[in-house]
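> Per mature numbering (1 follows the signal peptide of the UniProt record, and there is no 0): the sequence shown = residues -19 to -1, 1 to 450. No residue lacks a Cβ here, since even glycine has one placed at the ideal position from N, Cα and C. Please read these numbers as outputs of a predicted model, since none were measured by experiment.
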Amino acid sequence: MKRLSQVLCLCLTLALVLADKPDHAGPPDHAKAHGHDNHGPPDHAKAHGHDKHGNDHDHEHDHEHDHDAPDRCTGLEMDAVAVNEDGVPYFFKGHYLFKGFSGKAENSNESFAEMDDDHHLGHVDAAFRLHHEDGHDHDHMFFFLDDKVFSYYKHKLEDGFPKNISEAFPGIPDHLDAAVPCPKPDCEEDSVIFFKEHEIYHFTVKNKSVEEHHEFKTMPNCTAAFRFMEHYYCFHGFKFSRFDPKTGEVHGKYPKVTRDYFMKCANYSEDTDEVERERCSHVHLDAITSDHDGNMFAFRGHHYIRRDEGNDTLTVADIEDAFKEVHSDVDAVFTYEDHLYMIKDDKLFVYQSGDDHTLLEGYPKSVKEELGVDGHIDAAFVCEDNHIVHIIKDNHIYDVELKNSPRVPEKEKTMALFQKVDAAKCDKNGIRVIVGNHFYRFDSTALLVGAKALPDQHRVSMELFGCDH
């Protein structure tokens, strides 16, 4: 009997080991068979030949292994795109999720575990955050997988879900390609536009019915879609087009390469106009400043935008070309006495202003040594004819008197309006605080700190760089 127990234990152990063996072929790609744009960089997973709506839910891929995670900067066709409750875009590819416009992929089941438990998450067909202020499901996120729909609120699965798509959204087919919310007044009523191949379904949220069923003949088949900054985007292959949600008409020079405008990458497509790309990009700025002559410098990833005072023409260049010691990814920048102070990680680089940016001797130095501040810095600015640099970390502002030696932070203040900012600058027009794709004006640091309500919101791409959207 003892020997029999040992044999049974050994067999059980062997079975568990074999069952846990990962599939080293990598995660399957679930791209649609239709609507592909076959020009440009290939999707590395497409060689496996899987269809997005095939039988791929066997869970053979090991979600714990990230060595096959896709790279968003190689030119991917996304399965679905949605904006979460905080306005952060979520890009889904296979069983991976990209949060925001930069950063590496993570497993989708880390954020939405129930979809994996119930449905063996291998892909998301479509996703959106619902806008319906009169309904209980306003701001809920919906995810469509094959014939099921999941509803989440603040990352918690709602009771009763998953449901059949036909139950939650009568008249909407299974195995969708894309979906996007269309609130009033963009559409006549709060609606959701569903895409399946060449067919378009306008679903009215209040009546829970399909009001229109037609084709957008001027638009390609969408593999993903989302609404961002009041515009509507159809993703097809690794490109996108901006469209009118009522008519499907595409205006302007489209399609464009997705990674050039929605991703933070070191390299972009060779045929893209780099000035248009940078001024119209949806990726937030890393840093911005104006020198004493009024010339503006804005930094994002590996590139910077320059606009000279009195001239509306923008120029774009690699950061490494002008500031080779910094290379890329500036955290903060400010101007003081004809010098550009650039902060990256825990280092401070000081460059001579002008056409030739020469690093001053002895730099870089530590931020702690030069400014007396520890940790990551989000933004910094000096106002005209002032000797104080205002340093922003999270929702705190530290004032550092640049004439003092040693320099130490004084008068720590807390901002009530912002938990975190991306960049800030100060000039004759006041202080501009940049958060995501928008900026806010303040006449002084006292008003910035003391404000109880947000001032008017301005778009970075349109009002700072002259983009048309």
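Using only CA atoms, which one of D293, F278, L295 and D289 lies nearest to F322?
On the sequence shown, position 341 is the one that residue 322 refers to. Rather than Phe, the amino acid found at residue 322 in this sequence is Tyr. It is F278 whose Cα lies nearest to the Cα of Y322.
> Could you say which of I286, A313, G291 and N292 lies nearest to I300 if we only look at CA atoms?
Position 319 of the sequence shown, counting from 1, holds the residue named residue 300. If we check each option's Cα against that of I300, I286 comes out closest.
> Which runs of the beta strand (DSSP E) at least 3 residues long sit entirely within the stretch 241 to 305? Give them in chain order.
268 to 271, 277 to 281, 284 to 288 and 295 to 299
> Please list the terminal residues of the continuous beta strand (DSSP E) segment that includes K129.
Against the sequence shown, residue 129 aligns to sequence position 148. From DSSP, the beta strand (DSSP E) with K129 extends over K129 to Y134.
> Specify the secondary structure class of N90 as computed by DSSP and reduced to three states.
Numbered from 1 along the sequence shown, position 109 holds the residue referred to as residue 90. If DSSP states are grouped into helix, strand and coil, N90 belongs with the helices.
> On a Cα-Cα basis, can you pick out the residue from E148, Y134 and A397 that is closest to F93?
In the sequence shown, counting from the first residue as 1, residue 93 sits at position 112. F93 has its Cα closest to that of Y134, out of E148, Y134 and A397.
> Note the first and the last residue of the continuous alpha helix (DSSP H) segment covering H434.
In the sequence shown, the residue the question calls residue 434 occupies position 453. First, the residue type needs correcting, since residue 434 is Ala and not His in the sequence shown. First-last for A434: undefined, no H or E at that position.
> List the whole-angstrom C-beta distance separating A315 from V370, where the pair is believed to meet the contact cut-off of C-beta under 8 angstroms.
Here residue 315 corresponds to residue number 334 of the sequence shown, with the count starting at 1. Here residue 370 corresponds to residue number 389 of the sequence shown, with the count starting at 1. What sits at residue 315 in the sequence shown is Phe, not Ala. With a Cβ gap of about 6 angstroms, F315 and V370 count as contacting.
> Under DSSP, the beta strand (DSSP E) around A404 begins and ends at which residues?
Sequence index remark: in the sequence shown, residue 404 carries index 423 (1-based). Note, A404: beta strand (DSSP E), A404 to D408.
> For D120, which residues from the same chain have a beta carbon less than 8 angstroms from its beta carbon, with the 5 sequence-adjacent residues on both sides left out?
Within the sequence shown, numbered from 1, the residue matching residue 120 stands at position 139. Answer for D120: E66, R110, L111, H112 and Y134, listed in chain order.
> Rounded to a whole number of angstroms, what is the C-alpha to C-alpha distance between T296 and V256?
Working through the sequence shown from its first residue, we reach residue 296 at position 315. Working through the sequence shown from its first residue, we reach residue 256 at position 275. Distance between the alpha carbons of T296 and V256: 6 angstroms.
> Relative to the alpha-carbon of N90, which residue among V311, F79 and F184 has its alpha-carbon at the smallest distance?
Within the sequence shown, residue 90 is the residue found at index 109, counting from 1. Considering only alpha carbons, the answer is F79.
> Name the DSSP beta bridge partners of M323, please?
The sequence position of residue 323 within the sequence shown is 342, counting from 1. Paired residue(s): V314 and F330.
> So P390 packs on V381, CB below 8 angstroms; how close in whole Å?
Looking up residue 390 in the sequence shown gives position 409. Looking up residue 381 in the sequence shown gives position 400. With 8 angstroms as the limit, P390 and V381 qualify as a contact, their Cβ atoms being about 5 angstroms apart.
> For the beta strand (DSSP E) containing K349, list its first residue and its last residue.
As a position in the sequence shown, residue 349 is number 368, starting the count at 1. Boundaries around K349 are those of the alpha helix (DSSP H), V348 to L352, since no beta strand (DSSP E) includes it.
> Could you check how far apart the C-beta atoms of residue 458 and L57 are, in whole angstroms? I think they sit under 8 angstroms.
There is no way to answer for residue 458, as the model of the chain reaches only from -19 to 450.
> Rounded C-beta distance between D127 and N145? I'm assuming under 8 angstroms.
As a position in the sequence shown, residue 127 is number 146, starting the count at 1. As a position in the sequence shown, residue 145 is number 164, starting the count at 1. Between N145 and D127 the Cβ distance is about 10 angstroms, and since that is not below 8 angstroms, they are no contact.
> Using the Cβ count rule (16 or more neighbours within 10 Å means buried), how would you classify N188?
Looking up residue 188 in the sequence shown gives position 207. It is exposed - the Cβ of N188 has fewer than 16 other Cβ atoms within 10 Å.
> Taking 8 angstroms as the limit between beta carbons, can you name the residues of its chain near L435, skipping five residues before and five after?
Residue 435 sits at position 454 when you count from the first residue of the sequence shown. Result list for L435: L398 and Y421, in chain order.
> F131: which of D115, V105 and E180 sits nearest, CA to CA?
One-based indexing of the sequence shown puts residue 131 at position 150. Among D115, V105 and E180, the Cα nearest to that of F131 is on V105.
> Pick helix, strand or coil for I372, following the three-state DSSP scheme.
By one-based count along the sequence shown, residue 372 stands at place 391. In the three-state DSSP reduction, I372 falls in the strand class (E or B).
> V62 by DSSP, collapsed to three states: which one?
Taking the sequence shown and counting its residues from 1, the one referred to as residue 62 is at position 81. V62: strand per DSSP, three-state reduction.
> Apply the 10 Å Cβ neighbour rule to H419 and answer buried if 16 or more other Cβ atoms are within range, or exposed otherwise.
Counting from one through the sequence shown, the residue named residue 419 turns up at place 438. H419 comes out buried.
> Determine the extent of the beta strand (DSSP E) in which S309 is found, giving its start and end residues.
The count along the sequence shown starts at 1 and reaches residue 309 at position 328. Careful: S309 lies outside any beta strand (DSSP E) and carries neither H nor E.
> Tell me whether the beta-carbon of I174 lies closer than 7 angstroms to the beta-carbon of F197.
For the purposes of this step, residue 174 is taken as residue 193 along the sequence shown, with counting starting at 1. For the purposes of this step, residue 197 is taken as residue 216 along the sequence shown, with counting starting at 1. No; because the gap between Cβ atoms is not below 7 angstroms, this pair is not in contact.
> Compute the distance between the beta-carbons of L383 and Y332, then report whether it is under 7 angstroms.
Here residue 383 is taken as the residue at index 402 of the sequence shown, counted from 1. Here residue 332 is taken as the residue at index 351 of the sequence shown, counted from 1. No. Outside cutoff.
> Who pairs with K137 in a beta bridge, going by DSSP?
Locating residue 137 in the sequence shown gives position 156, counting from the first residue. BP columns for K137 point to Y134.
> Excluding sequence positions up to five away, which residues of its chain have a Cβ less than 8 angstroms from the Cβ of K349?
For the purposes of this step, residue 349 is identified with residue 368 of the sequence shown, where counting begins at 1. Once the five neighbours on either side are set aside, the close Cβ partners of K349 are D327 and D355.
> Pick from I153, F446, R258 and A160: whose alpha carbon is nearest that of F243?
The residue given as residue 243 occupies position 262 in the sequence shown. Comparing Cα-Cα distances from F243 to each of I153, F446, R258 and A160, the minimum goes to R258.
> What's the C-alpha gap between K406 and F216?
Here residue 406 corresponds to residue number 425 of the sequence shown, with the count starting at 1. Here residue 216 corresponds to residue number 235 of the sequence shown, with the count starting at 1. Their Cα atoms are separated by approximately 34 angstroms.
> Per DSSP, Y379 forms a beta bridge with which residues?
On the sequence shown, position 398 is the one that residue 379 refers to. According to DSSP, which records beta bridges pairwise, Y379 is partnered with I372.
> Where C246 and A313 are concerned, what is the direct C-alpha to C-alpha distance, given to the nearest angstrom?
Numbered from 1 along the sequence shown, position 265 holds the residue referred to as residue 246. Numbered from 1 along the sequence shown, position 332 holds the residue referred to as residue 313. Each residue's alpha carbon lies about 19 angstroms from the other.
> Give the single residue among I415, H308, N410 and Y71 whose Cα lies nearest to the Cα of A298.
Translated into positions along the sequence shown, residue 298 becomes position 317. Of I415, H308, N410 and Y71, the residue nearest in Cα terms is H308.
> So, with DSSP's three-state summary, where would you put A360?
Sequence index remark: in the sequence shown, residue 360 carries index 379 (1-based). Note: A360 maps to strand in three-state DSSP.
> Just to confirm my understanding: we take R53, look at its own chain, exclude 5 residues before and 5 after, and list those with CB closer than 6 angstroms. What are they?
What you label residue 53 is simply residue 72 of the sequence shown in a count that begins at 1. Excluding positions up to five away in sequence, the list reads F79 and M244.
> Taking just the CA atoms, how far does N276 sit from E193?
Taking the first residue of the sequence shown as 1, we reach residue 193 at position 212. Taking the first residue of the sequence shown as 1, we reach residue 276 at position 295. Each residue's Cα considered, the two are about 51 angstroms apart.
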